[in-house]
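Q: All residue numbers for the sequence shown refer to the numbering used here, where the first residue is 2 and numbers rise by one.
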Amino acid sequence: MDIPRRSIVIMLVAFLSACAGAQPGGEETAPVSGNQIKLTVVNESDGPVDVYYHWEDRTPRARLGTVAIGRSSDFGVPWVTGRLRILFESPVATTSVTSNVLYLSEANRPEELEVRLDWRYRAILEIKK
């Protein structure tokens, strides 16, 4: 097998492996502990997404996991008061999306949050009802 062809085969295998890992049953989600908020991520976009959270001016960006196309996953976000954003990056494209900011304090600490990434790559973060 010549070098260019071998490179294409290696890239194809790597790409397919990455896609397979992002399908249902891929990553296990960590249980939500008492000092975390449950975050449900709903992915209605056209590709898998890596999910991150960021408490502005309080914590660095941190990865939660990957959510496959048309799926939802629950994650535990460490509780820190302030301005929370959820960020999405595509592992197979150059797409990145940032949700709206949700200001949370001890006075309005929710039980659960939900962020929905739609097919237009808009991410809406809100308190789950």
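Cβ coordinates follow ideal geometry from the N, Cα and C atoms, glycine included. This structure is a prediction, so every number in the text was calculated from the model and none was measured.
Is DSSP giving Ala108 helix, strand or coil here?
A: To locate residue 108, count along the sequence shown from 1; it is residue 107. Ala108: helix per DSSP, three-state reduction.
Q: Quick check: what's the CA-CA separation for Val42 versus Leu88?
A: Your numbering for residue 42 matches position 41 in the sequence shown. Your numbering for residue 88 matches position 87 in the sequence shown. Cα to Cα, Val42 sits roughly 11 Å from Leu88.
Q: Would you report the Cα separation of Val81 and Pro61, rounded to the nearest angstrom?
A: Along the sequence shown, read from residue 1 onward, the residue named residue 81 stands at position 80. Along the sequence shown, read from residue 1 onward, the residue named residue 61 stands at position 60. Looking at the two C-alpha atoms, the distance is approximately 12 Å.
Q: Tell me the rounded alpha-carbon separation between Phe76 and Lys39.
A: As a position in the sequence shown, residue 76 is number 75, starting the count at 1. As a position in the sequence shown, residue 39 is number 38, starting the count at 1. One Cα belongs to Phe76, the other to Lys39, and the distance between them is close to 6 Å.
Q: Determine the burial state of Pro79: buried for a count of at least 16 other Cβ atoms within 10 Å of its Cβ, exposed for fewer.
A: The residue you call residue 79 lines up with position 78 of the sequence shown. Classification of Pro79: exposed, given that the 10 Å Cβ count is below 16.
Q: Quick one: what does DSSP say Ala63 is sitting in, helix, strand or coil?
A: For this step, residue 63 is matched to residue 62 along the sequence shown. In the three-state reduction of the DSSP assignment, Ala63 falls in the strand class, which pools E and B.
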